[in-house]
Every structure is written in structure tokens, then in C-alpha cells.
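The structure under discussion appears below in the form of C-alpha cells.
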Amino acid sequence: MSAARTPTLKASISKAQVWQMNAKAYFKRNLAAPVDGRRTTEHNDFLRYKYWFGQPDPKTFVNVKQRYDAIIARNIDVWTFRCVPLKGTHCEDENDIASTFSDQPDIINICEGYFHVDADEQAQALIHEASHWHLEKIHGTNKGWSYFFRLKKELYEEKVAHQLALDQPGDATENADNYGYFGKYLDKDCHELVWSQESKTTQCVLL
């Protein structure tokens, strides 16, 4: 990796670390899912959870919490970030951002595409990849792809992740992108999240 790119990678690692701490605080505030659906319409935290993982229920909520806890327990300061060339390890396309192997925790391959997206997308990619790891009896995420390819190509990644939460919440809790975007939007002081068809992005409705 060139020296010019080192600050970019360090900045995105720091951002991902902040998101991890936000998730830790979130699950400390919310130790369990609501017993019924009423709280999801009254409590901002669960509105944000619902946007990325669907209607919370005790089992899936615990699964999400345990996966985040397991990722956070792997101190990001000791992760290894390997910059690999195009056509290298899982960097098959110039648009690929990052990759990892589920049985090699703490190692993330940084692809060329990583340096052509903004800092939020870079940090989102790090949380995304970490969610694939098999950690402490927590199986890594691996669902969502078949659903992605069934949808129309004009749908963006955030839209796909949100739609998965609406249509197949069980799979959303096993899909890497949903973990990354949940972390991203916990970092914003939102009352609610809404999809904007005009901008093709998730919009944060401020408190």
C-alpha cells in the first residue's frame, strides 16, 4: 500500500471502531427485544433496529446482539488489513471493496475499490466483512445473496438490505450488509430512517 493511502485506511478503521462502540452502547441500553410490537413504534432505538433487521423478536435480536458482541470482542486494533492487487485474493473486480474468509478472523483484504468510495462506505465494508467471521460459537453471516440477485439491478445496496429486512427479516439478521449499515446509521442521531427514491439513499430523520 502506498504511503498516500495509509491515512485513508487509518481514518476508516477509526470510524468503524466508533461504530462498534455505538453498537456496544446500543445493546447495553437494549438487552432484549420488546415482548410485543408496541415498543417498536415508540422507541427510537427499535425503529432503527427494525429498519435493518425487521420486526425484532427475542431470538433474532439475541443473535444480532451476540454477533456484534463477538465482533467487538476482537479488538480492531489488532486486525490485519492486507492490501491486495486486482485479481488477488477475492478482489476479482475493480469495484470490489474488501473481502475476508470466515475461518480467518481478524484478517481483512483491502481491494482497490476501497479507495474509490467514501469513508462511510469504507467503514461499512469493515463491519460487513467482520460479520462473516466464525467467532466463539457464532456462525458468520452468509445469507442474502440469492435475494440480492432476484431483485432489480437498479436497487442500491442500502435499498436491498432494507428490503430484505422487510421481506425476510430472518435472513436480514444473517446478511453482512445489514450489520454494516446498522452500524453506519447508529452513528447518526436519527429519530427514524426512511428510503428516498429520489436520492436512492437512506435518509435520516433527525430527532
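Numbering (our numbering), first residue to last: -7 to 199.
Glycine included, C-beta positions come from ideal geometry on N, C-alpha and C.
Nothing here was measured: the structure is a model prediction, and the numbers come from that model.
Do residue i and residue j have their C-beta atoms closer together than 8 Å?
i: Ile102; j: Thr92; result: no
i: Thr204; j: Glu84; result: Nothing about residue 204 can be read from this structure; the chain reaches only from -7 to 199.
i: Ile14; j: Asp169; result: The sequence as given places Asn at residue 14; Ile does not occur at that position. No, the pair does not count as a contact, with Cβ atoms beyond the cut-off.
i: Trp44; j: Ala157; result: yes
i: Lys57; j: Phe19; result: yes
i: Phe73; j: Leu1; result: yes
i: Ile64; j: Lys16; result: yes
i: Tyr177; j: Cys196; result: yes
i: Val40; j: Leu198; result: For clarity, residue 40 is Arg in the given sequence; the question names Val instead. Not in contact: Arg40 and Leu198 (Cβ atoms no closer than 8 Å).
So the alpha helix (DSSP H) residue i belongs to, where does it begin and stop?
i: Gln160; result: Segment: none, Gln160 is in no alpha helix (DSSP H) and carries neither H nor E.
i: Leu1; result: Thr(-2) to Arg21
i: Asp169; result: Ala168 to Leu178
i: Asp61; result: Pro50 to Ala65
Classify residue i: buried if its beta carbon has 16 or more other beta carbons within 10 angstroms, exposed otherwise.
i: Arg(-3); result: exposed
i: Thr193; result: exposed
i: Asp181; result: exposed
i: Val152; result: buried
i: Ala59; result: According to the sequence provided, residue 59 is Arg. The question's Ala does not apply to it. It counts as buried.
i: Asp95; result: exposed
i: Gln116; result: buried
i: His154; result: buried
i: Arg21; result: exposed
i: Glu146; result: Residue placement at Glu146 cannot be trusted, given a pLDDT of 42 that sits under 50; the coordinates are not used to answer.
i: Glu128; result: exposed
i: Lys51; result: exposed
Hey, could you find the ends of the beta strand (DSSP E) residue i is sitting in?
i: Gln195; result: Thr193 to Leu198
Worksheet entry | Entirely enclosed beta strand (DSSP E) segments - the segment 70 to 135, minimum 3 residues | 72 to 75 and 99 to 102
Worksheet item: Counting pairs of Cβ atoms below 8 Å between the segment 57 to 68 and the segment 117 to 127, do you hit three or more?
Response: yes
Discussion item. Quick test of the definition: if touching needs 3 or more C-beta pairs under 8 Å, does the segment 110 to 120 touch the segment -1 to 16?
Written reply: yes
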